[in-house]
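Asker: Residue numbers (UniProt numbering): 1 to 229.
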Amino acid sequence: FVTVVVGANLDKFVVHEALLIRYSKFFRAALTNGMKETQEKAVTLADEGPETFELFVHWLYYRRFPDAAKGDNQELVDLYTNVNDKGCLETRHLVLLFIFGDRYIIPGLKQDSIDALYHYVCDKENIYLPQFRLVRFAFENLPSTSPMCSVLVDLYCYFQRPDAYDDVGENELPPSALLALLARYTSLAHKGETSGKGEIEYELNLCDYHEHETDEEKKACKANQRKKN
């Protein structure tokens with residue numbers, strides 16, 4: 001086992017070392033390089049939030065996020081989601097989990113966070129987009145080319161109502177996010193012009209936000225997404 005000390009309050013989590021090493025290149029390096037962490041079987045993540053880490057640990061053991069329908073602990077389910085808050089809590093956690101996965105090199109967590117966010121927004125009758133401040137946080141903590149930034153931009157371009165921007169403060173979104181939104185809207189406008197209809201016809205594909213290692217893997221994933229749709 002390994003003790004992971006998280007956050008300003010030094011919350012301690014005891015986790016199977018083999019799982020950390022298997023799924024995270026960061027933990028693999030920290031726990032096998034012969035340095036202090038290897039000897040003490042302890043890693044400190046002072047800048048992380050304990051809630052994010054607790055949800056990561058659940059994912060680490062079950063490869064999914066908390067779900068009451070699957071018998072998960074109700075306190076953990078309540079930590080992860082709130083059915084009455086229009087998705088604010090769940091989408092927040094998914095973005096934070098992606099950032100955590102990016103920071104500690106956990107590809108599986110990143111992809112599962114993207115997938116869950118995509119399906120949360122796209123598969124419901126009532127569309128609840130992540131809040132603007134969450135988009136800002138993502139762009140401030142990830143490269144603008146990150147799949148998470150890309151999916152946030154695409155979800156806003158695809159689903160958001162024009163009047164939703166009426167009350168947005170001038171500093172609510174960072175320049176990088178505004179440029180990404182502008183570039184996406186411009187691209188879509190040109191598609192509408194070249195279609196000859198003046199209309200934009202396109203569909204989102206979850207595979208576009210996956211970091212596949214080979215072209216073959218990407219083609220197979222795209223084909224799989226088309227079948228599901």
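Heads up, the beta-carbon is just placed ideally off N, CA and C, and yes, glycines get one too.
Could you spell out the range, first to last residue, of the alpha helix (DSSP H) harbouring Thr214?
Answerer: Taking the first residue of the sequence shown as position 1, residue 214 is located at position 214. From DSSP, Thr214 is part of no alpha helix (DSSP H); its letter is neither H nor E.
Asker: If we call anything under 7 Å between Cβ atoms a contact, is Leu76 one with Asn82?
Answerer: On the sequence shown, position 76 is the one that residue 76 refers to. On the sequence shown, position 82 is the one that residue 82 refers to. For Leu76 and Asn82, no; Cβs fall outside 7 Å.
Asker: Where Tyr165 and Thr52 are concerned, what is the direct C-alpha to C-alpha distance, given to the nearest angstrom?
Answerer: On the sequence shown, position 165 is the one that residue 165 refers to. On the sequence shown, position 52 is the one that residue 52 refers to. Their Cα atoms are separated by approximately 29 Å.
Asker: Can you say whether Ala18 is buried or exposed, counting buried as having 16 or more other CB atoms within 10 angstroms of its CB?
Answerer: The residue given as residue 18 occupies position 18 in the sequence shown. Within a 10 Å sphere around the beta-carbon of Ala18 sit fewer than 16 other beta-carbons, which makes this residue exposed.
Asker: Can the beta-carbon of Ile106 be found less than 7 Å from the beta-carbon of Tyr23?
Answerer: For the purposes of this step, residue 106 is taken as the residue at position 106 of the sequence shown. For the purposes of this step, residue 23 is taken as the residue at position 23 of the sequence shown. Their beta carbons are under 7 Å apart, which means Ile106 touches Tyr23 by this criterion.
Asker: Does any CB atom of chain C fall closer than 7 Å to the CB of Val168?
Answerer: This model lacks chain C altogether, as it is built from one protein chain only.
Asker: I need the straight-line Cα distance from Cys149 to Phe1, nearest angstrom please.
Answerer: Taking the first residue of the sequence shown as position 1, residue 149 is located at position 149. Taking the first residue of the sequence shown as position 1, residue 1 is located at position 1. Distance between the alpha carbons of Cys149 and Phe1: 35 Å.
Asker: Check each candidate in Thr32, Pro50 and Met35 and name the one with the smallest Cα separation from Asp11.
Answerer: Within the sequence shown, the letter at position 11 stands for residue 11. Checked all of Thr32, Pro50 and Met35; the closest Cα to Asp11 is Pro50.
Asker: Going by beta-carbon coordinates alone, are Leu155 and Leu129 separated by less than 7 Å?
Answerer: On the sequence shown, residue 155 is found 155 positions in, with the first residue counted as 1. On the sequence shown, residue 129 is found 129 positions in, with the first residue counted as 1. In this structure, Leu129 lies closer than 7 Å to Leu155 by Cβ.
Asker: Could you check what DSSP says for Asp115 in three-state terms: helix, strand or coil?
Answerer: For the purposes of this step, residue 115 is taken as the residue at position 115 of the sequence shown. Note: Asp115 maps to helix in three-state DSSP.
Asker: Shortest alpha-carbon distance to Ala46 belongs to which of Val6, Asn33, Val14 and Gln111?
Answerer: Here residue 46 corresponds to residue number 46 of the sequence shown, with the count starting at 1. Out of Val6, Asn33, Val14 and Gln111, Val6 has the C-alpha closest to the C-alpha of Ala46.
Asker: If you draw a straight line from the alpha carbon of Asp163 to that of Leu173, how long is it in whole angstroms?
Answerer: Here residue 163 refers to the residue found at position 163 of the sequence shown. Here residue 173 refers to the residue found at position 173 of the sequence shown. Near 16 Å, if we compare the C-alpha coordinates of Leu173 and Asp163.
Asker: Spatial neighbours of Thr3 within its chain, please: CB distance less than 6 Å, with the 5 preceding and 5 following residues excluded, ordered by chain position.
Answerer: Against the sequence shown, residue 3 aligns to sequence position 3. For Thr3, where only same-chain residues beyond five positions count, the Cβ hits under 6 Å are Lys12, Val14 and Ala42.
Asker: Would you identify the three-state DSSP class for Asp154, choosing helix, strand or coil?
Answerer: Locating residue 154 in the sequence shown gives position 154, counting from the first residue. Of the three classes helix, strand and coil, the one that applies to Asp154 here is helix, per DSSP.
Asker: Quick one, which of Thr91, Leu55, Asn73 and Gln39 has its alpha-carbon nearest Phe137's?
Answerer: Translated into the one-based positions of the sequence shown, residue 137 becomes position 137. The shortest Cα separation from Phe137 among Thr91, Leu55, Asn73 and Gln39 belongs to Thr91.
Asker: Since Ala42 is in the beta strand (DSSP E), which residue starts that stretch and which ends it?
Answerer: Here the question's residue 42 lines up with position 42 in the sequence shown. Run containing Ala42: Ala42 to Leu45, per the beta strand (DSSP E) assignment.
Asker: Between Asp167, Leu97, Thr186 and Thr214, which lies nearest to Phe56 when the distance is taken from Cα to Cα?
Answerer: Counting from one through the sequence shown, the residue named residue 56 turns up at place 56. The shortest C-alpha separation from Phe56 is found at Leu97.
Asker: Roughly how many angstroms separate the alpha carbons of Leu179 and Val153, rounded to a whole number?
Answerer: Walking along the sequence shown from the start, residue 179 turns up at place 179. Walking along the sequence shown from the start, residue 153 turns up at place 153. Approximately 10 Å, taken between the alpha carbons.
Asker: What did DSSP end up calling Asp85 once you bin it into helix, strand or coil?
Answerer: If you number the sequence shown from 1, residue 85 lands on position 85. Correct three-state label for Asp85: coil.
Asker: Looking at the ligand SAM, does it come within less than 6 Å of Gln225, judged from the CB to the closest heavy atom?
Answerer: Among the components of this structure there are no ligands whatsoever, and the ligand SAM is therefore not found.
Asker: Leaving out five residues before and five after Tyr104 in sequence, what residues of the same chain have Cβ atoms less than 6 Å from its Cβ?
Answerer: Counting from 1 along the sequence shown, the entry for residue 104 is found at position 104. Ser24 and Phe26, listed in sequence order.
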